[in-house]
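Q: Numbering (the working numbering), first residue to last: 63 to 204.
Pasting a structure below so you can have a look.
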């Protein structure tokens, strides 16, 4: 396995991996090719891929709001799970976020996604049961 920054030319493989991994995404909104390319240009170091040869087998997208770092879009191909790839991607994202100045690193995980919850717990994250996620969206597509 090797890790490298993802580039706009990887977009189709990223979407294919997200499909295969069962990760929901918004192809007409924030996950459109145009949107992802714009995000990659603004913060190229935040887009990380794990590869087996030339095959994309894992992704993570980091983000930093100036206070907190966020781990987003963590996905590992089902055939490659339980090999430490998710842990490695989380560690890569943490390293980049700490360099940016993040002292707190967070992730939002759906309650029913127990494998992901367990992975983050294994990586030292604590579940916060006192928070409620709220969002306001311009459209269900974003």
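Even glycine gets a Cβ: it sits at the ideal position worked out from N, Cα and C.
A quick note: this is a predicted structure, and the numbers were derived from the prediction, not measured.
Taking the beta strand (DSSP E) that residue 132 belongs to, which residues open and close that run?
A: Reading the chain shown from its first residue, position 70 is the one you call residue 132. Counting along the chain, the beta strand (DSSP E) containing residue 132 begins and ends at 130 to 138.
Q: What ranges does the alpha helix (DSSP H) occupy inside the segment 89 to 127, keeping only unbroken runs of at least 4 residues that lie completely in it?
A: The segment 89 to 127 contains these whole alpha helix (DSSP H) runs: 95 to 104.
Q: Determine the DSSP secondary structure at residue 164, reduced to helix, strand or coil.
A: As a first step, residue 164 must be located in the chain shown, where it is residue number 102. The answer is coil: DSSP assigns residue 164 none of H, G, I, E or B.
Q: Return the chain-ordered ranges of every alpha helix (DSSP H) run that is complete within the segment 174 to 200 and spans a minimum of 4 residues.
A: Counting whole runs of 4 or more residues, the segment 174 to 200 contains the alpha helix (DSSP H) stretches 176 to 184.
Q: Inspect the beta-carbon positions of residue 118 and residue 150 and report whether they are closer than 9 Å.
A: Taking the chain shown and counting its residues from 1, one reaches residue 118 at position 56. Taking the chain shown and counting its residues from 1, one reaches residue 150 at position 88. Contact flag unset, no.
Q: Is the beta carbon of residue 124 less than 9 Å from the beta carbon of residue 113?
A: Within the chain shown, numbered from 1, the residue matching residue 124 stands at position 62. Within the chain shown, numbered from 1, the residue matching residue 113 stands at position 51. For residue 124 and residue 113, no; Cβs fall outside 9 Å.
Q: Hey, how far is the Cα of residue 73 from the Cα of residue 186?
A: In the chain shown, the residue the question calls residue 73 occupies position 11. In the chain shown, the residue the question calls residue 186 occupies position 124. In a straight line, the C-alpha of residue 73 is about 30 Å away from that of residue 186.
Q: Run through the DSSP bridge pairs and tell me what residue 65 is partnered with.
A: One-based indexing of the chain shown puts residue 65 at position 3. Partner(s): 112.
Q: Just the C-alpha distance for residue 116 and residue 192, rounded to the nearest angstrom, thanks.
A: Locating residue 116 in the chain shown gives position 54, where the first residue counts as 1. Locating residue 192 in the chain shown gives position 130, where the first residue counts as 1. Cα to Cα, the separation comes out at about 42 Å.
Q: By Cβ distance, which residues of its chain are closer than 8 Å to residue 82, with the 5 residues on each side in sequence left out?
A: Sequence index remark: in the chain shown, residue 82 carries index 20 (1-based). Closer than 8 Å at Cβ, skipping near neighbours: 139 and 140.
Q: Would you please state the rounded distance, in angstroms, between the beta carbons of residue 164 and residue 133? I believe it to be under 8 Å.
A: Counted from its first residue, the chain shown places residue 164 at position 102. Counted from its first residue, the chain shown places residue 133 at position 71. Not confirmed; about 10 Å, so no contact.
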